[in-house]
Amino acid sequence: MNSLTRKLFLCASFLLTLILYARAHFYRDPGSIFFDKTRAYQQVYSHHRLLETEEFIRAAKEGAGEYQKAADNATLCVAISSVKRQRNNYLETTIAGILAGLTPQERGALYLSVFISETDPEKHPSYRSRWIPRVVDNFHTYNVSEPRLELLQDMEREERFLEKGVFDYRTALEDCYESGAPYVAVFEDDILMADGWMVRTLLGLRDVEKRAEDWLYMRLFNQERSIGWAGKHIGGNHEFPIIALLSGAILAPTYFLRSRFRFFRVHLESIMVLSLFLIPSLVILFYQCGKASLLPPHDGIYAQKFGCCAQAMVMPRDQIPDLSSFLRREKEGQMDTLLNRRARRAKLMRYAFYPVQAQHIGLDSARHTDEDEARAVWSMAFEMRDPERARKDHLEMVNRYWEL
């Protein structure tokens, strides 16, 4: 084996080792070439959290006593709008995930409103639940005029989901606005909240307010498809100019200095292999591994104009009247798109909170979304949490926020 062949073999072996590592570790990242949907959606932290929600539901069903409710000066109102789905009912898990593990301080700061958004609420499997009204602060359905109810019935019958969804979202916002809480959140009814989500959200809101900027929402859920590179195909992220710059930065000095310095003459072959084979391969592999795998966002609050879905949004109370009027004029659309449109028009900041505090668990879409697409609304980062660390951090943050 000659010198050049040996060097190419070593570089190829190194690249193969990196590829094998990436296949073993980056299969959850939808922005990675190594994404494997047969393994990507495995519930890890969600499984642990679901066990906690099941225990909460069991205790709530068996319990006969009173449960703690929101204090008069609750800081955050969370509204959930829920409709009957074709096969599954996620509402009880969502409610339990919000409440399970809250400290008394957190529960007192949370006003939880559940809105059964069916014109015939008896159709919803949780409408006659005995335990839900005991643990939430407000459990209700439509309170509208007869003409409005008939219009809503027409929307249901004609499956005008985009129109009725906006009406229901606006109703949920206004329910929370009436609570008087300084912050309003709307959560979808098919999510699972992380241990410690409440105090983390309050700390995040404290950080946002320090920025002294007008803002519309702070996103608690995001998916890796929305925070990836600009493109997935090779060359879609300016790889070739990057390769040219890096390789040129090595080859140019080598060309001019090889006649003066023996080092460059002796190692010319190695420099050529490095510049023309290894560097291009590493640059391409870097981008193909996925941004969320190699450069995940650090914990904190980020101004972020992009992001997917409206699973868990928190907003300042003073934005609700104008937002409600905006939604009344728009009438229909995807909620995350409408919220972004409102933010652009009013020049309001949009923030994302990391680590994400919610996971989307609903495969049975209320809007008849394809199951594969519903499954893809997923946070891999959520599944990588450590339960013991999450519990420890939760208690530490409660002590810090309330200065216990």
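At position 342 of the sequence shown (counting the first as 1) the number is 371 in our numbering, and the numbers step up by one without a gap. Cβ atoms here follow ideal geometry from the backbone N, Cα and C, with glycine treated the same way. Bear in mind the structure is a predicted one, so any value in this text is a computation, not a measurement.
> Count the other CB atoms within 10 Å of the CB of residue 121; is the residue buried (16 or more) or exposed (fewer)?
Replying inline: buried
> For residue 199, which of 353, 193, 297 has the nearest alpha-carbon?
Replying inline: 353
>> Could you check whether the segment 378 to 393 touches the segment 184 to 202, counting it as contact only if at least three pairs of C-beta atoms, one from each stretch, sit closer than 8 Å?
In response: no
> Buried or exposed: which applies to residue 414, given that a residue is buried once 16 or more other Cβ atoms fall within 10 Å of its Cβ?
Replying inline: buried
>> Assuming residue 226 is part of the alpha helix (DSSP H), what are its boundary residues?
In response: 226 to 239
>> Quick check on residue 131: does DSSP put it in helix, strand or coil?
In response: coil
>> Using 8 Å as the threshold, is the C-beta distance between residue 193 and residue 178 below it?
In response: no
> If residue 344 and residue 246 are in contact, beta carbons under 8 Å, what's the gap, nearest whole angstrom?
Replying inline: 5 Å
> Do the segment 261 to 280 and the segment 322 to 339 meet, that is, are 3 or more Cβ pairs less than 8 Å apart?
Replying inline: no
>> With the cut-off set at 8 Å, would you say residue 111 and residue 85 are in Cβ contact?
In response: no
> Relative to the alpha-carbon of residue 230, which residue among 382, 416, 425, 141 has its alpha-carbon at the smallest distance?
Replying inline: 382
>> Looking only at its chain, what residues have a beta carbon closer than 8 Å to the beta carbon of residue 254, apart from the 5 residues adjacent to it on each side?
In response: 59, 60, 337, 405
> Between residue 113 and residue 252, what straight-line distance do the alpha-carbon atoms span, to the nearest angstrom?
Replying inline: 25 Å
>> At 4 residues or longer, what runs of the alpha helix (DSSP H) sit wholly inside the segment 124 to 203?
In response: 133 to 138, 161 to 164, 175 to 186
> Beta carbon of residue 195, beta carbon of residue 205: below 8 Å?
Replying inline: no
> Whose C-beta lies closer than 8 Å to the C-beta of residue 300 among residues of the same chain, with five residues either side of it excluded?
Replying inline: 279, 280, 283, 293
> Got a sec, what are the start and stop residues for the alpha helix (DSSP H) residue 51 sits in?
Replying inline: 32 to 54
> Quick one: what's residue 382 bridged to in DSSP?
Replying inline: 330
> Measuring CA to CA, which of 259, 243, 315, 260 is closest to residue 272?
Replying inline: 315
> At which residues does the beta strand (DSSP E) containing residue 337 begin and terminate?
Replying inline: From DSSP, residue 337 is part of no beta strand (DSSP E); its letter is neither H nor E.
>> So if DSSP puts residue 106 in a beta bridge, which residue, or which two residues, is it bridged to?
In response: 140, 213
> Where does residue 112 fall in DSSP's three states?
Replying inline: coil
> Quick one: what's residue 345 bridged to in DSSP?
Replying inline: 212
> Is the beta carbon of residue 106 less than 8 Å from the beta carbon of residue 41?
Replying inline: no
> From residue 70 to residue 409, what distance separates their C-alpha atoms?
Replying inline: 8 Å
>> In the DSSP assignment, the beta strand (DSSP E) including residue 389 goes from what residue to what residue?
In response: 387 to 389
> Are there 16 or more other CB atoms within 10 angstroms of the CB of residue 54, so buried, or fewer, so exposed?
Replying inline: exposed
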